[in-house]
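Residue numbers (our numbering): 853 to 1135.
Here is the structure we will look at, set down as structure tokens.
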């Protein structure tokens, strides 16, 4: 995609907050392997997998602000760098951001300092160090951060936890020693387990708008599977793949249907979400 064409796309007429399949920004994101998942209220989730991980670079990040209300963005394993994160500054409604195994650095993390609604950040396998974490100290809504295989030290982790005492920080080590206080944590409520409905027993019903929740899809099969959201009109929208033995934490709305297929799109079964965060075990 040459510079002139990209510039045209960025300047093209687009109504922020309104998802349109035929908009220049949407078409361009899909051309570089992006998957866009429209939610209610004009909110969007965007992720890149398979082909998109090789095609998504800093240049592609320029297109994201034109999409509108992006609340979840998965850039895992893409070719972006810290410099490209400057284009995320305009995504002021962003709540979840996956940057694991990318070439982001401390300087790039500075561009996230204004994302005050950010709740989840995954920096696993990046070059982030203690200096980068300083830029996150003002993100009072940040509840969960993953820092496995980074340059972050005990000292840097302690400083961030002091600034954000309610933050769940994971470095692949026991964090009890890093907590600034011994404040008792409330016992988490047990998660619901969604019923697995095998293919052939019932057709997945259309999804309906509901409240915002999370579902942890656990693939117990020996092969990877595909995960489709059943749209409000009954169509299917691919949202990602789950490797054998892996778990995918998925944002969704209650009263939604999620279809699971094999990699050849053979239907295996589906789940129907409820009102609470849940576990969906794919047998």
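Cβ atoms here follow ideal geometry from the backbone N, Cα and C, with glycine treated the same way.
Boundaries of the alpha helix (DSSP H) harbouring residue 877: 876–883, taken from the DSSP string.
Look at residue 1046 here: in three-state DSSP terms it is coil, with no helix or strand label.
Taking residue 952 as reference, the option from 926, 937, 942 and 881 with the minimal CA-CA separation is 926. For a cut-off of 8 Å, the C-beta gap from residue 1002 to residue 975 is around 6 Å, short enough to register as a contact.
For the pair residue 1058 and residue 1111, the Cα-to-Cα distance works out to about 11 Å. Distance from the CA atom of residue 1023 to the CA atom of residue 1000, rounded to whole angstroms, is 4 Å. At a Cβ-Cβ threshold of 8 Å, residue 1067 and residue 1099 do not count as neighbours. Ranking 878, 894, 1008 and 924 by CA distance to the CA of residue 912 puts 878 first. Residue pairing for residue 921: DSSP places it in a beta bridge opposite 895.
Take the alpha-carbon of residue 882 and the one of residue 1086: they are about 21 Å apart. The C-alpha of residue 947 is placed about 15 Å away from the C-alpha of residue 890. In this structure the segment 937–944 does not touch the segment 892–900; the number of beta carbon pairs closer than 8 Å is below three.
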